[in-house]
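Residue numbers (the working numbering): 23 to 303.
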């Protein structure tokens, strides 16, 4: 069932109405960010981690919050909108935050304009993918490494062009590199590799988004005392790995069967999914 309603700045309204003006700074400059969450049976999965990232991003991007804008406010209206759209059983939620109108140097204010949208998901989003993904590297753009690279900003050009490239070549996704020709992430997911039993993923200093599922899995991997390492990854290391898998809040874990001419298994991905995600999703 498609969404008939959205939530904008305090009110539920019908979809299809004009929300922003041509002078909006997010439209002009990408001045904002978004949070993607998964809702299962009326509950935001990993809600605490999402709220931590949301409010950290608000602070980092210098938004000025009204007193009512709290985690409880966000939760209340996410759940209300999902229920209104009949998406409260299994859904993807997107919360977009953006500044209002103004030029580059004459912003009107720093109020966090906010838009919530919901989409239904089917049960395939609760399981590990049966067919492995096919990936390749995208080299026409680089994911930056700076104070804002861990935020899911509305300036998403590298991922947008990478996704177009993947679609043109009939790949499932592509891997984005940072300015140092090391691995950053996939277009909509963090990346992990396994070699000789060691699970590895790039640190945030290498440019990946501070993914909620990445944080959750790293915590669980540490608690389970599994061999792991957060360290820079070179493209050649991915090509020589025994496993590659991608993570995000909607799919959880998706295993990769092919990157370029290299092929992979899914033993570790299957174990991690069964141990840490089956009861969560």
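Built from N, CA and C at the ideal position, the CB exists for glycine as well.
Bear in mind the structure is a predicted one, so any value in this text is a computation, not a measurement.
Please classify residue 256: does DSSP put it in a helix, a strand, or coil? Within the chain shown, the letter at position 234 stands for residue 256. Three-state DSSP puts residue 256 in coil, outside helix and strand.
If the criterion is Cβ atoms closer than 8 Å, does the pair residue 290 and residue 221 meet it? As a first step, residue 290 must be located in the chain shown, where it is residue number 268. As a first step, residue 221 must be located in the chain shown, where it is residue number 199. A distance below 8 Å separates the beta carbons of residue 290 and residue 221.
First and last residue of the uninterrupted beta strand (DSSP E) at residue 32: Within the chain shown, residue 32 is the residue found at index 10, counting from 1. Taken as a continuous stretch (DSSP letters only), residue 32 belongs to no beta strand (DSSP E), as it is neither H nor E.
Looking only at DSSP bridge pairs, what is residue 265 linked to? The residue you call residue 265 lines up with position 243 of the chain shown. DSSP, once it has assigned bridges, lists 216 as partnering residue 265.
Which whole runs of the alpha helix (DSSP H) in the segment 170-237 are 4 residues long or more, in chain order? Qualifying alpha helix (DSSP H) stretches, in chain order: 179-190.
Start and end of the beta strand (DSSP E) containing residue 294? Within the chain shown, the letter at position 272 stands for residue 294. DSSP places residue 294 outside any beta strand (DSSP E); the residue lies instead in the alpha helix (DSSP H), whose first and last residues are 289-298.
Local conformation of residue 98 per DSSP, three classes: Numbered from 1 along the chain shown, position 76 holds the residue referred to as residue 98. It is helical.
Within 10 angstroms of its Cβ, does residue 37 collect 16 or more other Cβ (buried), or is it exposed? By 1-based counting over the chain shown, the position of residue 37 is 15. With fewer than 16 Cβ atoms within 10 Å of its Cβ, residue 37 is classed as exposed.
Under three-state DSSP, which class holds residue 46? Here residue 46 refers to the residue found at position 24 when the chain shown is read from its first residue. In the structure shown, residue 46 sits in a strand (DSSP, three-state: E or B).
In DSSP terms, what residue 113 is bridged to: If you number the chain shown from 1, residue 113 lands on position 91. DSSP output for residue 113 lists 61 and 142 as bridge partner(s).
Quick check: residue 230 and residue 207, are their CB atoms within less than 8 Å of each other? The residue you call residue 230 lines up with position 208 of the chain shown. The residue you call residue 207 lines up with position 185 of the chain shown. Contact: yes.
Is residue 160 closer than 8 Å to residue 187 when the C-beta atoms are compared? Taking the chain shown and counting its residues from 1, the one referred to as residue 187 is at position 165. Taking the chain shown and counting its residues from 1, the one referred to as residue 160 is at position 138. Closer than 8 Å, so yes.
Three or more beta-carbon pairs under 8 Å between the segment 118-127 and the segment 166-174, yes or no? Contact check between the segment 118-127 and the segment 166-174: fewer than three CB pairs, one atom from each, fall below 8 Å, which does not count as touching.
Is it true that the CB of residue 275 sits closer than 8 Å to the CB of residue 150? Indexing the chain shown from 1 puts residue 150 at position 128. Indexing the chain shown from 1 puts residue 275 at position 253. Yes, these two residues count as a Cβ contact at 8 Å.
Can you name the residues that DSSP bridges to residue 280? Looking up residue 280 in the chain shown gives position 258. 156 and 285.
Which residue marks the beginning of the alpha helix (DSSP H) containing residue 76, and which one marks its end? In the chain shown, residue 76 corresponds to position 54, counting from 1. Residue 76 -> alpha helix (DSSP H) spans 69-82.
Supposed close pair residue 63, residue 111 - CB separation, criterion 8 Å: For this step, residue 63 is matched to residue 41 along the chain shown. For this step, residue 111 is matched to residue 89 along the chain shown. Sure, about 6 Å apart at Cβ, within 8 Å.
Closer than 7 Å by C-beta to residue 113: which residues in its own chain qualify, once you throw out the five before and the five after it? Chain order, please. Translated into the one-based positions of the chain shown, residue 113 becomes position 91. Excluding residues within five positions, the ones whose Cβ falls inside 7 Å are 61, 104, 140, 141, 142 and 143.
Select from 266, 101 and 131 the residue whose C-alpha is nearest the C-alpha of residue 87. By 1-based counting over the chain shown, the position of residue 87 is 65. Among 266, 101 and 131, the Cα nearest to that of residue 87 is on 131.
For residue 262, which of 243, 248, 287 and 273 has the nearest alpha-carbon? As a working note, residue 262 is residue 240 in the chain shown. When each option's Cα is compared against that of residue 262, the closest is 287.
In its own chain, which residues sit with a C-beta less than 7 Å from the C-beta of residue 26, not counting the 5 before and 5 after it? Here residue 26 refers to the residue found at position 4 when the chain shown is read from its first residue. The residues are 36, 37 and 107.
Residues bridged to residue 123 by DSSP? For the purposes of this step, residue 123 is identified with residue 101 of the chain shown, where counting begins at 1. The partner list for residue 123 (beta bridge, DSSP) reads 46.
Through-space distance from residue 176 to residue 28, alpha-carbon basis: Numbered from 1 along the chain shown, position 6 holds the residue referred to as residue 28. Numbered from 1 along the chain shown, position 154 holds the residue referred to as residue 176. Those two C-alpha atoms are separated by around 19 Å.
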